[in-house]
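Okay, so here's the structure we're looking at.
2 protein chains.
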Amino acid sequence: MSKPSLPSGTRDFGPDTVRKRSYILNTIKAVFEVYGFQPLETPAMENLDTLMGKYGDEGDKLIFKILNNGLNDPKNIDKARAAFEQVMAGKNDKNLTERALRYDLTIPFARYVAMNHGQLALPFRRYQVQPVWRADRPQKGRYREFYQCDADVVGSKSLYNEVELTAIYAEVFQRLGIPVEIRLNNRKILAALAEHCGGAEKMMDITIAIDKLDKIGMEKVKEELLERGLSADQVNSIEAYLKIEGSNEEKLAAVEQLLGHIESAQQGLQELRFVLELAGATSVSPNGKAQLVCDFTLARGLNYYTGIIFEVRAIGVKMGSIGGGGRYDDLTGLFGVPDLPGVGISFGVDRIYDVLEELGLFPETIAVGTEYIFFNLGEAESRRAFQLMQELRALGKRCELYPEAVKLPKQFKYADQKKIPNAIFIGSNELASGTLTIKNLLTGEQREVDDIREV
Amino acid sequence: MSKPSLPSGTRDFGPDTVRKRSYILNTIKAVFEVYGFQPLETPAMENLDTLMGKYGDEGDKLIFKILNNGLNDPKNIDKARAAFEQVMAGKNDKNLTERALRYDLTIPFARYVAMNHGQLALPFRRYQVQPVWRADRPQKGRYREFYQCDADVVGSKSLYNEVELTAIYAEVFQRLGIPVEIRLNNRKILAALAEHCGGAEKMMDITIAIDKLDKIGMEKVKEELLERGLSADQVNSIEAYLKIEGSNEEKLAAVEQLLGHIESAQQGLQELRFVLELAGATSVSPNGKAQLVCDFTLARGLNYYTGIIFEVRAIGVKMGSIGGGGRYDDLTGLFGVPDLPGVGISFGVDRIYDVLEELGLFPETIAVGTEYIFFNLGEAESRRAFQLMQELRALGKRCELYPEAVKLPKQFKYADQKKIPNAIFIGSNELASGTLTIKNLLTGEQREVDDIREV
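These protein sequence lines are chains X and H, in that order.
Each residue of the first sequence is one higher than the one before, starting from 1 at the first, in the working numbering.
Each residue of the second sequence is one higher than the one before, starting from 456 at the first, in the working numbering.
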């Protein structure tokens, strides 16, 4: 058998990495819980029907499809051949593949809500932390299997939901110790900008161009807008809008001056002011790590957002956004259940991991697995050690007995490799006196104690 | 769009179910941790090569394969056609499918150890809790996506590992409140039985037949053994062996009498006695919920076990085993790394869930998500409510504000549907007096307090 390997774009997570990832995920989940969000889990496999056509043509190509089993059973063989021809013609066919791996958590959530909305208490506040799969070309920071971590409220138009999601962002990054900017904008203001520049049908063109500002810069954005058929005057208005700067209040006033004559801008500004005021007054405290920033250049790629949109960036680290989200009018219309608006946010777990590494913010204690190792010094000694270890475990301490009575240097090396901070020795002396010797493997300090509870 | 549905054999886990499942999984993980086991996570997708041929012909058929992307790209089209013909001929071909979903956690673990054994501290104590996928025919209690929950120690032959795994079983079911029998046998004793009945080559025939004893009964097992070519005398010996009963000591003595002249039986009995003594002396206390039972009819289906084998059954519930495992000589030989023996156990999470439901053993508190709902009684009132809610959340309490100022019966209905135990009212009176009213929604008891910390 050839040397085993992992599929490209996938990762094993060894013990240290799992502990660090769990630290992040447990921190986020704990905040979701105090905010009254409820956990949901959906299966990795969805019917292909459920996923296809939801992510655009490019997205469709990145969905991992599962081959049906038993294709070469005599009863399936003709159908499978016909289906294969369909697939080669660029279509889908249930007789070759009827299931696929989930591509994100939003569509499975929408599918769940559509299937269960009769029984759900609305508004439904759910969080979901599960892996998703995409057949993207793997590169640094981009994987084919990665976790998404979402919270959504559906069935409510109240802006208190936006306030709470903002406060969740602030609280999570406060707990993780990451200084962040929570950037806010409102699609209603972008809609007003489009109206100001020739009509609502320009909305997508403008949004797509603005979304690239960070990457390609102002001049290229202007070029693209001209190419997309906007006039020089219109492009100048957009430039004036994109160049708005200052404090939040100054920026809000400038947008009001530029677009205040349009109703959707008025509404968008009012919504932003409400969220800034309420979220700013609570969790996002002056001592907090989170700053709320109106960023009118923020567009977000997804076209289903209709209200306030969010993006989070770590301050002092060169990295894309570590969170994002927004309000949408219609979660489940695609699945036959209309009129369910909502708002949601997402955390970029892999990037948050990288930020914590770069800033050295993972607590040192989470690297420790086993806290105490009992060295194995022989048959009678290890029996006694085993009894004492069980007492220590009953106190909630993580410990293990080296299972073989091999030479001590080998046992020390094992403890060192596993970064175990304490070793307990029970040799013939300790056995005779009923004591035990404990050594701090970091400082070298050693002492004898009478009772296991004194370690 | 047609009504959405779930792929057959898969499940959504709504909030209540996730909470109950997390209770089980967190209980098990906490015990793994105090026993010094370390978490590992591997990707859902493995290379098809890694999985094929590891689970027998029947297993191979149940592996979910992932269709390669871009099959109808002009550069792939000829290879894809040729590959499809291979698949229709019952073979695998990387040009159609090169990846598959993991079928269990053991082979990915073996693949991980083979890839990383140079860096691993041995013995390596790992636990892993992740879903697996099998294209089995769905039926009651059998799913196409389900969780496995494994702990293994590799790189050690010491029987202390068996002792610890036995103690882990006892401790987990003690914490969950489930009375269990932990049944033990030793493949070495089955090997001795085979030797006694005509030679080692009979081992698999005997094991396979004995494994069916529970399902088909003694007479059918005897018939099967005769069909498999054993003589009437040999079948009588096996029947005598299978009918051994009494206390553990009585059973051990009876096996000794029957097979004690064979060395592997002697060794097998000695190992069982060691584990029974040490495990019995600690966690498996007289007050404990776990009974250690020698069960010489226990065979376990998998043919890679070579030493002590385990099976756990809930006492007082009609259900198959809720855990199982055993010792193996060679984890990673298939991946080119020889001589890594180990021992492992597994928990049947879905069945444990069903046992806890049937016995009514889930703690009532885990059904509670939100602890306090703040009713929304208007604009100024909800602003005040929101501030107080943030203070309560800072104290770690799970709460939410009903986001819209709708009529009270609707808000009460929502609280009832979500089983929220407490409601907090801040109306115009409370706003004026700076107090708040809290109502226990279970008892109806209502009181006014001055300070949010008094709720």
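Heads up, the beta-carbon is just placed ideally off N, CA and C, and yes, glycines get one too.
Checklist entry - Taking DSSP as the reference, what is the three-state secondary structure of V627 of chain H? => result On the second sequence, residue 627 of chain H is found 172 positions in, with the first residue counted as 1. DSSP places V627 of chain H within a helical segment (H, G or I) once states are collapsed to three.
Checklist entry - Taking the alpha carbon of L392 of chain X as the point to measure from, which residue in X:A380, X:F374, X:E381, X:K407 has its own alpha carbon closest? => result As a first step, residue 392 of chain X is located in the first sequence; it is residue number 392 there, counting from the start. Looking at X:A380, X:F374, X:E381, X:K407, the one whose alpha-carbon comes closest to that of L392 of chain X is X:F374.
Next on the checklist: Is the beta carbon of L361 of chain X closer than 7 angstroms to that of G177 of chain X?
Outcome noted: Residue mapping note: residue 177 of chain X aligns to position 177 of the first sequence, counting from 1. Residue mapping note: residue 361 of chain X aligns to position 361 of the first sequence, counting from 1. Here G177 of chain X is near L361 of chain X, since their CB atoms are less than 7 angstroms apart.
Checklist entry - Is the shortest distance between the beta-carbon of V739 of chain H and the beta-carbons of chain X less than 7 angstroms? => result The sequence position of residue 739 of chain H within the second sequence is 284, counting from 1. Bear in mind that the predicted position of V739 of chain H carries a pLDDT of just 49, short of 50, making it too unreliable to give a figure here.
Next on the checklist: At 3 residues or longer, what runs of the beta strand (DSSP E) sit wholly inside the region 133–164 of chain X?
Outcome noted: Within the region 133–164 of chain X, the complete beta strand (DSSP E) runs of at least 3 residues are 145–154.
Checklist entry - What does G369 of chain X reach in chain H if we use C-beta pairs closer than 7 angstroms? => result Within the first sequence, residue 369 of chain X is the residue found at index 369, counting from 1. Per Cβ cutoff of 7 angstroms: G491, Q493.
Checklist entry - Could you give the residue range of the alpha helix (DSSP H) that holds G781 of chain H? => result Residue numbering aside, residue 781 of chain H sits at position 326 when the second sequence is read from its first letter. Here G781 of chain H belongs to no alpha helix (DSSP H); instead the beta strand (DSSP E) covers 778–783.
Item to check | Rounded separation between D660 of chain H and L680 of chain H - CA only | outcome: Counting from one through the second sequence, the residue named residue 660 of chain H turns up at place 205. Counting from one through the second sequence, the residue named residue 680 of chain H turns up at place 225. Taking the straight line joining both Cα atoms gives about 7 angstroms.
Checklist entry - If you compare alpha carbons, which of H:D559, H:G610, H:A538 is closest to G573 of chain H? => result Within the second sequence, numbered from 1, the residue matching residue 573 of chain H stands at position 118. G573 of chain H has its Cα closest to that of H:G610, out of H:D559, H:G610, H:A538.
Checklist entry - For T332 of chain X versus A82 of chain X, is the C-beta spacing smaller than 7 angstroms? => result In the first sequence, counting from the first residue as 1, residue 332 of chain X sits at position 332. In the first sequence, counting from the first residue as 1, residue 82 of chain X sits at position 82. It is not a contact, given that the beta carbons lie outside the stated cut-off.
Next on the checklist: Between Y490 of chain H and E619 of chain H, how many whole angstroms is the CB-CB distance? I'm expecting something under 8 angstroms.
Outcome noted: Counting from 1 along the second sequence, the entry for residue 490 of chain H is found at position 35. Counting from 1 along the second sequence, the entry for residue 619 of chain H is found at position 164. Confirmed, Cβ separation roughly 6 angstroms.
Next on the checklist: Counting beta carbon pairs with one atom in the region 212–220 of chain X and one in the region 351–368 of chain X, are three or more of them shorter than 8 angstroms?
Outcome noted: No, the region 351–368 of chain X does not touch the region 212–220 of chain X.
Checklist entry - Distance, Cα to Cα, K157 of chain X vs R187 of chain X? => result Within the first sequence, numbered from 1, the residue matching residue 157 of chain X stands at position 157. Within the first sequence, numbered from 1, the residue matching residue 187 of chain X stands at position 187. About 15 angstroms.
Checklist entry - Which residues in the same chain have their Cβ closer than 8 angstroms to the Cβ of G199 of chain X, if we skip the five residues on either side of it in sequence? => result Start at 1 with the first residue of the first sequence, and residue 199 of chain X comes out as number 199. Closer than 8 angstroms at the Cβ level, and outside the excluded window around G199 of chain X, lies no residue.
Next on the checklist: Can you tell me whether P286 of chain X is helix, strand or coil according to DSSP?
Outcome noted: As a position in the first sequence, residue 286 of chain X is number 286, starting the count at 1. Annotation note: pLDDT 47 at P286 of chain X (below 50); position unreliable, coordinate value reported separately. In this structure, P286 of chain X counts as coil in the three-state DSSP scheme.
Next on the checklist: Between which residues of its own chain and D906 of chain H is the CB-CB distance below 7 angstroms, once the five residues before and five after are set aside?
Outcome noted: Within the second sequence, residue 906 of chain H is the residue found at index 451, counting from 1. Excluding the 5 residues flanking it on each side, D906 of chain H has no same chain C-beta neighbour closer than 7 angstroms.
Item to check | Contact under 7 angstroms by Cβ, A709 of chain H with I699 of chain H | outcome: Translated into the one-based positions of the second sequence, residue 709 of chain H becomes position 254. Translated into the one-based positions of the second sequence, residue 699 of chain H becomes position 244. Cβ distance < 7 angstroms, so A709 of chain H and I699 of chain H count as in contact.
Checklist entry - Where does P741 of chain H land, buried or exposed, given buried means 16+ other C-beta within 10 angstroms? => result As a first step, residue 741 of chain H must be located in the second sequence, where it is residue number 286. Its pLDDT being 47, under 50, P741 of chain H is placed unreliably in this model, and the coordinates cannot settle the point.
Checklist entry - Hey, would you say W133 of chain X sits closer than 7 angstroms to L101 of chain X, going by beta carbons? => result What you label residue 133 of chain X is simply residue 133 of the first sequence in a count that begins at 1. What you label residue 101 of chain X is simply residue 101 of the first sequence in a count that begins at 1. Inclusion of W133 of chain X and L101 of chain X in the CB contact set at 7 angstroms is warranted, their separation being smaller than that value.
Item to check | 8 angstroms CB neighbourhood of E826 of chain H in its chain, flanking five on each side removed | outcome: As a working note, residue 826 of chain H is residue 371 in the second sequence. Excluding residues within five positions, the ones whose Cβ falls inside 8 angstroms are K852, R853, C854, I875, P876, N877.
Next on the checklist: Considering only their Cβ atoms, is the gap separating A647 of chain H from L753 of chain H smaller than 7 angstroms?
Outcome noted: Translated into the one-based positions of the second sequence, residue 753 of chain H becomes position 298. Translated into the one-based positions of the second sequence, residue 647 of chain H becomes position 192. Going by C-beta atoms, L753 of chain H is not nearer than 7 angstroms to A647 of chain H.
Next on the checklist: For Y808 of chain H, would you say it is in contact with chain X, using Cβ-to-Cβ distances shorter than 7 angstroms as the test?
Outcome noted: Along the second sequence, read from residue 1 onward, the residue named residue 808 of chain H stands at position 353. The Cβ of Y808 of chain H sits no closer than 7 angstroms to any Cβ of chain X.
Checklist entry - Mind pulling the chain H residues with CB within less than 9 angstroms of N69 of chain X? => result Translated into the one-based positions of the first sequence, residue 69 of chain X becomes position 69. Per Cβ cutoff of 9 angstroms: K516, L517, I518, F519, K520, A590.
Item to check | Opening and closing residue of the beta strand (DSSP E) in which L556 of chain H lies | outcome: Here residue 556 of chain H refers to the residue found at position 101 when the second sequence is read from its first residue. Taken as a continuous stretch (DSSP letters only), the beta strand (DSSP E) holding L556 of chain H covers 554–556.
Next on the checklist: Using 8 angstroms for Cβ pairs, my map puts L639 of chain H next to V730 of chain H. What's the rounded Cβ distance?
Outcome noted: Counting from one through the second sequence, the residue named residue 639 of chain H turns up at place 184. Counting from one through the second sequence, the residue named residue 730 of chain H turns up at place 275. Correct: roughly 7 angstroms between the Cβ atoms.
Item to check | Close Cβ partners of P131 of chain X (< 6 angstroms) along its chain, the five nearest in sequence each way excluded | outcome: Here residue 131 of chain X refers to the residue found at position 131 when the first sequence is read from its first residue. So the list reads E145, Y147, once near-sequence residues are dropped.
Next on the checklist: Short of 7 angstroms in beta carbon distance, which residues of its chain neighbour P74 of chain X, apart from the five on each side in sequence? Order them along the chain.
Outcome noted: As a first step, residue 74 of chain X is located in the first sequence; it is residue number 74 there, counting from the start. Here P74 of chain X has no same chain residue with a Cβ atom under 7 angstroms from its own Cβ, once five neighbours each way along the sequence are excluded.
Next on the checklist: I'd like to know whether the C-beta of E33 of chain X is nearer than 7 angstroms to at least one C-beta of chain H.
Outcome noted: By 1-based counting over the first sequence, the position of residue 33 of chain X is 33. Yes, contact with chain H.
Checklist entry - Going straight from the alpha carbon of G268 of chain X to that of I189 of chain X, what length do you get? => result The sequence position of residue 268 of chain X within the first sequence is 268, counting from 1. The sequence position of residue 189 of chain X within the first sequence is 189, counting from 1. G268 of chain X and I189 of chain X have their C-alpha atoms roughly 6 angstroms apart.
Checklist entry - Whose C-beta lies closer than 8 angstroms to the C-beta of K251 of chain X among residues of the same chain, with five residues either side of it excluded? => result Here the question's residue 251 of chain X lines up with position 251 in the first sequence. Cβ neighbours of K251 of chain X beyond the five flanking positions: I244, E245, C294, F296.
Checklist entry - Who are the neighbours of C854 of chain H on chain X, taking C-beta pairs under 9 angstroms? => result Counting from 1 along the second sequence, the entry for residue 854 of chain H is found at position 399. Going along chain X in sequence order, the residues near C854 of chain H (Cβ under 9 angstroms) are V34, Y35, G36.
Next on the checklist: Counting only Cβ pairs nearer than 8 angstroms, list the residues of chain H close to S156 of chain X.
Outcome noted: By 1-based counting over the first sequence, the position of residue 156 of chain X is 156. For the C-beta of S156 of chain X, the chain H residues within less than 8 angstroms are, from N- to C-terminus, P858, E859.
Next on the checklist: Is it the case that the region 6–20 of chain X contacts the region 339–352 of chain X, given that we only count it when at least three CB pairs across the two stretches are under 8 angstroms?
Outcome noted: Contact fails: fewer than three Cβ-Cβ distances are below 8 angstroms.
Next on the checklist: Give me, in chain order, the residues of the same chain whose beta-carbon lies closer than 7 angstroms to that of T761 of chain H; leave out the 5 immediate sequence neighbours on both sides.
Outcome noted: Within the second sequence, the letter at position 306 stands for residue 761 of chain H. Correct list, in chain order: R642, R782, Y783, D784.
Checklist entry - Considering only residues of the same chain and omitting the five flanking positions on each side of V284 of chain X, which have a CB-CB separation below 8 angstroms? => result The sequence position of residue 284 of chain X within the first sequence is 284, counting from 1. Residue confidence is low: V284 of chain X scores 49 on pLDDT, short of 50, so the model does not pin down where it sits. Its coordinate-derived value is still stated next. Here the set comprises T166, A167, A170, I182, A290, Q291, L292.
Next on the checklist: Counting only beta-carbon separations shorter than 7 angstroms, does R558 of chain H have a partner in chain X?
Outcome noted: Counted from its first residue, the second sequence places residue 558 of chain H at position 103. Note on residue identity: the sequence assigns Tyr, not Arg, to residue 558 of chain H. Any Cβ of chain X closer than 7 angstroms to the Cβ of Y558 of chain H would place that residue at the interface, and such an atom is absent.
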